[in-house]
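Novice:
As structure tokens, this is what we get:
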């Protein structure tokens, strides 16, 4: 697959000196569903706005199909945006909203009618043509926003937290639907969200961002299973993150004990972050375990129980289908390949 | 584009402020000239304060503005409560008549009141002066009070009043304890609006005042009819200064309140 | 509860001091000095057609200038950062707090034959020009006095236009002009119409501006009315008739304006 968008050393510094993006480099492949994931203020929306043309980077270059497009205004870019709160035109009805872009380009009426019709069908809004957009539900407004962008046949669709305003059930439905649309139309989708579950279920590639830096780029499986640092590990699902050191290859020391692991290539006695997923901790009798703790709370989460266990230096979070009563002393066991060792991030 | 906008804004502000600036400068001018600044003096300010007509009409203006705004606030608040309880058609009729003084050109309101007063003057020994001025001011003030309060009723939860009664209030105390606090912001802004309009009004006062009692704007008007009267410059400077101070104080207070809310 | 009785005092007041006086205008307009019915007053208004046309013409020009001048101001204001908006708005509205007469008087000072502008022009060897007592001066006075009446309603509508709606227009292929005419203008239409009425009504009925800046040769409808009531021409019946015609003109124009204003537009 070819790259459709390249970002080279993109930096954004606001007037007050705040660095929103710190020299970002990113290649986005054609026909991919890419998600920018990160907490608010991490720079994900800023990156999207740079691609959309709403914001000029302070330095760095933006390439679209190999051509530098810095300074090109949004209306000359072959990308369209689905805005956070939809930004539908309140003075136009559903049909006119969707037809807007085509009318601006002065396409023949027949063509407009045909393409808007196609879109209405795609987003299941047939029969709503004459409806005022202010009288649509949130989900319907969302669909109009998607149709209004897609009708222009952009090569890339930018979506800025498009499902943020919807309730949980509708959000799940729209996730599936968006993914379907993306695959059916074979388009590149760039999707911004702070919801890690959304990112993992929808994307081909996830770009995890924090503090204006890209932390990790990878498939959802990679990101989940092989987080490159403690931030990613913590942000993607809950994790136990403990300070440790690496006395030698394949041996980690934390909580006062040495554990076998599979990571190597660290300096001798390098300080590291040890990351352990809550579901990777097995409960065993305390006399057989290196790690012990007292159960502090148990919450039923539907599929599993979430237990907080007070170890000596760390409060462990454990997900398990079994549970022990509060106050019991338990032992914890972790398999070597479930102990993830990560370099301390510099910040 | 951004720069262009700033330049444009600056030009418009220049247009808005240059006449005021010129008035202020010439209020300190020694000679009566309107074009050449010949030397600094405070004479015009002294003359202004020695001018009995100006001082008495200023006092008059303030008395009328205070009385008219208080009376119209009471009258308007009661009116708004009543109108809110009306059915659709009578409500629409009353609101349409209430809107008349706002929609109509001031001169028409002024002239219509003058016709009424002339009619009464002939039959009931009414003299144009303080009473007619006060009535006129109340008449154009009340609609602003009502218009400021009505939206507050619409924003209010209709069940509040019932809830208060449910919790043991009689209708009167329910009103005092629950409804009044809800519409209070509208009452206050209505009062302030009525007060400023009263202070500022010229046209309606012009048609309804008599020689015995005039407001400051009417006096100013007769001064402008004379060719040159630099006291007006001094008066403008003082008024402008007072307005600036009031607005700055108001803004500072609002800013503090905003910060308090944030904290 | 019978809350409606508390409005009784106001209803009496409203009837006596708003409704009756307006009815009296109508009655006076259609009666003669001896109290008999006549349409002569209305017919006489026809003699002043030129003054009516001048009033309409000058106030239309002034309203148009206000709209063109105010539109960018309001837009720039509405796009500023929130805390700067409040301050800028205050600065723009501040001159309004000066009495209308003083503001107009200020222009007398500036435009007069011995005024500041002619003095400055004289220094570079131009003039003196006849600035005051022209219809141009009247229009200038109207624009100066009523410009904030245009800025305020425009601003309050524009500030509700979400930034992303403008970005969406750009995203969908609109350049600056297309964005302006396809999105911003339609969305600010309610502000445009109320701004136009707020400027046009006082402009067409003023008598101060024409008297102070227009000299004797630029009479407007307002002057005509004033002269019938407080001037030498004392004739309240004719004055009432002119007022009535003025009200009808304004009513017609406002009805036309309301046609352009979308009725159930809700800004999301």
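Protein chains in written order, with this note's numbering: chain A, 1 to 347; chain B, 1 to 263; chain C, 1 to 268. The beta-carbon is built from N, C-alpha and C at its ideal position, and this holds for glycine as well. On a predicted model such as this, the values are computed, not experimentally measured, just so you know.
Please list the residues of the stretch 93-122 of chain A that have a C-beta atom closer than 7 Å to any C-beta atom in chain C, keeping them in chain order.
Specialist: The residues in question are 100, 101, 104, 105.
Novice: So, under 8 Å CB-CB, residue 132 of chain C and residue 112 of chain C are touching, yes? Tell me the CB distance rounded to an integer number of Å.
Specialist: Contact flag correct, Cβ pair sits at about 5 Å.
Novice: Please confirm whether residue 142 of chain B and residue 144 of chain C have their CB atoms less than 8 Å apart.
Specialist: No, Cβ-Cβ distance for residue 142 of chain B and residue 144 of chain C is not below 8 Å.
Novice: Hey, could you find the ends of the beta strand (DSSP E) residue 320 of chain A is sitting in?
Specialist: Segment 315-320, the beta strand (DSSP E) holding residue 320 of chain A.
Novice: Can you grab the Cα-Cα spacing for the pair residue 48 of chain A / residue 181 of chain C, in whole Å?
Specialist: Cα to Cα, the separation comes out at about 27 Å.
Novice: Can you find at least 3 beta carbon pairs, one from the stretch 64-80 of chain C and one from the stretch 146-163 of chain C, that sit closer than 8 Å?
Specialist: Yes, the stretch 64-80 of chain C is in contact with the stretch 146-163 of chain C.
Novice: With distances taken between CB atoms, is the gap from residue 312 of chain A to residue 255 of chain A smaller than 8 Å?
Specialist: Going by C-beta atoms, residue 312 of chain A is nearer than 8 Å to residue 255 of chain A.
Novice: Compute the distance between the beta-carbons of residue 186 of chain B and residue 148 of chain B, then report whether it is under 8 Å.
Specialist: Taking 8 Å as the Cβ cut-off, residue 186 of chain B and residue 148 of chain B qualify as a contacting pair.
Novice: Give me, in chain order, the residues of the same chain whose beta-carbon lies closer than 8 Å to that of residue 111 of chain A; leave out the 5 immediate sequence neighbours on both sides.
Specialist: Taken in chain order, the residues that qualify are 102.
Novice: Please determine, among A/27, A/55, A/322, the residue with the shortest C-alpha to C-alpha distance to residue 303 of chain A.
Specialist: Selected option, being the one with the closest Cα: A/322.
Novice: In the DSSP output, what is residue 252 of chain A paired with across the bridge?
Specialist: In DSSP, residue 252 of chain A forms a bridge with A/259.
Novice: Pull the bridge partners of residue 195 of chain B from the DSSP assignment, please.
Specialist: In DSSP, residue 195 of chain B forms no bridge with anything.
Novice: Return the first residue and the last residue of the alpha helix (DSSP H) that residue 235 of chain A is part of.
Specialist: Residues 230-235.
Novice: How far does the beta strand (DSSP E) with residue 331 of chain A in it extend, from its first residue to its last?
Specialist: Unbroken beta strand (DSSP E) run through residue 331 of chain A: 329-334.
Novice: Based on DSSP bridge pairs, tell me the residues matched to residue 218 of chain A.
Specialist: Beta-bridge pairing links residue 218 of chain A to A/206.
Novice: Does any residue of chain B have a CB that is nearer than 8 Å to the CB of residue 76 of chain C?
Specialist: So yes, residue 76 of chain C belongs to the interface.
Novice: When you compare the CB positions of residue 153 of chain C and residue 194 of chain C, do they come within less than 8 Å of one another, or not?
Specialist: Contact: yes.
Novice: Take the Cβ of residue 152 of chain B as the centre, count every other Cβ of all protein chains shown within 10 Å, and call the residue buried at 16 or more, exposed below.
Specialist: When all chains shown are included, residue 152 of chain B counts as buried.
Novice: Counting contacts by CB-CB distance shorter than 8 Å, is residue 66 of chain C in contact with chain A?
Specialist: Judged by the 8 Å Cβ criterion, residue 66 of chain C is not in contact with chain A.
Novice: Kindly indicate if chain C contains any beta-carbon less than 8 Å away from that of residue 347 of chain A.
Specialist: In this predicted model, residue 347 of chain A has a pLDDT of only 47, less than 50, meaning its place in the structure is not dependable enough to derive any value.
Novice: Just the Cα atoms here: how many angstroms apart are residue 98 of chain C and residue 39 of chain C?
Specialist: Computed Cα separation, rounded: 42 Å.
Novice: Helix, strand or coil, according to DSSP, for residue 43 of chain B in the structure here?
Specialist: Helix at residue 43 of chain B.
Novice: Buried or exposed: where does residue 347 of chain A fall if 16 or more other Cβ atoms within 10 Å of its Cβ makes it buried?
Specialist: With a pLDDT of only 47 at residue 347 of chain A, under 50, the local geometry of the prediction cannot be trusted, and the value read off the model is given with reservation. That one is exposed.
Novice: Count the other CB atoms, across all protein chains shown, that sit within 10 Å of the CB of residue 160 of chain A; report buried if there are 16 or more and exposed otherwise.
Specialist: It counts as buried.
Novice: Using a beta-carbon distance below 8 Å, is residue 224 of chain A in contact with chain C?
Specialist: By this cut-off, residue 224 of chain A is not an interface position.
Novice: Three Cβ pairs or more, each shorter than 8 Å: is that satisfied between the stretch 276-289 of chain A and the stretch 327-335 of chain A?
Specialist: Yes, they touch.
Novice: Looking at chain A, which residues of the stretch 171-184 of chain C have a Cβ within less than 8 Å of any of its Cβ atoms?
Specialist: Cβ contacts with chain A come from 171, 172, 173, 174, 175, 178, 182, 183.
Novice: Counting pairs of beta carbons, one from the stretch 51-58 of chain A and one from the stretch 218-227 of chain A, are three or more of them closer than 8 Å?
Specialist: The stretch 51-58 of chain A, when compared against the stretch 218-227 of chain A, does not touch it at the 8 Å Cβ threshold.
Novice: Report yes or no: do the stretch 90-109 of chain A and the stretch 137-156 of chain A share at least 3 C-beta pairs separated by less than 8 Å?
Specialist: Yes, since at least three Cβ pairs between the stretch 90-109 of chain A and the stretch 137-156 of chain A fall closer than 8 Å, the two stretches touch.
Novice: Between the C-alpha atoms of residue 118 of chain B and residue 203 of chain B, what's the straight-line distance to the nearest angstrom?
Specialist: Going from the Cα of residue 118 of chain B to the Cα of residue 203 of chain B covers about 17 Å.
Novice: In this structure, how does DSSP classify residue 22 of chain A when only helix, strand and coil are distinguished?
Specialist: Looking at residue 22 of chain A - three-state DSSP - the assignment turns out to be strand.
Novice: So that I know if they touch, is there some Cβ in chain C lying closer than 8 Å to that of residue 181 of chain B?
Specialist: No, its Cβ sits nowhere closer than 8 Å to a Cβ of chain C.
Novice: I'd like to know whether the C-beta atoms of residue 192 of chain A and residue 308 of chain A end up nearer to each other than 8 Å.
Specialist: No, these two residues do not count as a Cβ contact at 8 Å.
Novice: Using a beta-carbon distance cut-off of less than 8 Å, what residues from the stretch 229-248 of chain C approach chain B?
Specialist: Answer in chain order: 229, 230, 236, 239, 240, 243, 246, 247.
Novice: Run the CB neighbour count on residue 237 of chain B, radius 10 Å, all protein chains shown included, and call it buried at 16 or more, exposed below.
Specialist: Answer is buried; the Cβ neighbour count reaches 16.
Novice: Going along chain D in order, which residues have a C-beta closer than 9 Å to the C-beta of residue 167 of chain C?
Specialist: This model lacks chain D altogether, as its protein chains are A, B and C.
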